[in-house]
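Chemist: Using the working numbering, the letters of the sequence shown map in sequence onto residues 1 to 71.
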Amino acid sequence: MKIRLKARELAEEKGFNQSSLSRKANVDFKTIQRLFRDPYRDISVSTLVKIARALKVDMHDLVEVTVEEDD
1 MKIRLKAREL AEEKGFNQSS LSRKANVDFK TIQRLFRDPY RDISVSTLVK IARALKVDMH
61 DLVEVTVEED D
């Protein structure tokens with residue numbers, strides 16, 4: 001099973017770039033930069049909540065779960 005964060009897609013849809021999302025969510029810029037570059041990166045629940053609130057979406061909308069055939 002893989003969990004992918006859709007922060008980049010949702011941020012771009014809502015007109016945010018990395019810098020503006022970082023400020024709005026009160027999350028370190030380097031964290032946002034890493035998440036945009038690698039959507040499969042581990043993320044804390046508190047960071048996920050901050051990003052969801054900044055984007056005004058449900059946390060579940062930020063996460064995509066895919067099941068691989070091996071699982």
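Using N, Cα and C, we set each Cβ at its ideal position, and we do this for glycine too.
Would you tell me roughly how many angstroms separate the C-alpha atoms of M1 and L21, rounded to the nearest one?
Modeler: Near 28 Å, if we compare the C-alpha coordinates of L21 and M1.
Chemist: Can you list the alpha helix (DSSP H) stretches of 4 or more residues lying completely in the stretch 15-53, in chain order?
Modeler: DSSP runs (the alpha helix (DSSP H)) wholly in the stretch 15-53: 18-25 and 29-37.
Chemist: Which of the three DSSP states is assigned to E64 in this structure?
Modeler: Three-state DSSP puts E64 in a strand.
Chemist: According to the neighbour-count rule (16 or more other Cβ atoms, all chains shown, within 10 Å of its Cβ), is V27 buried or exposed?
Modeler: The residue in question, V27, is buried, as its Cβ has 16 or more Cβ neighbours within 10 Å.
Chemist: Going by DSSP, what residue range makes up the alpha helix (DSSP H) through E13?
Modeler: From DSSP, the alpha helix (DSSP H) with E13 extends over A7 to E13.
Chemist: Whole angstroms are fine: how far does the CA of R41 sit from the CA of R34?
Modeler: When rounded, the distance between both Cα atoms is 8 Å.
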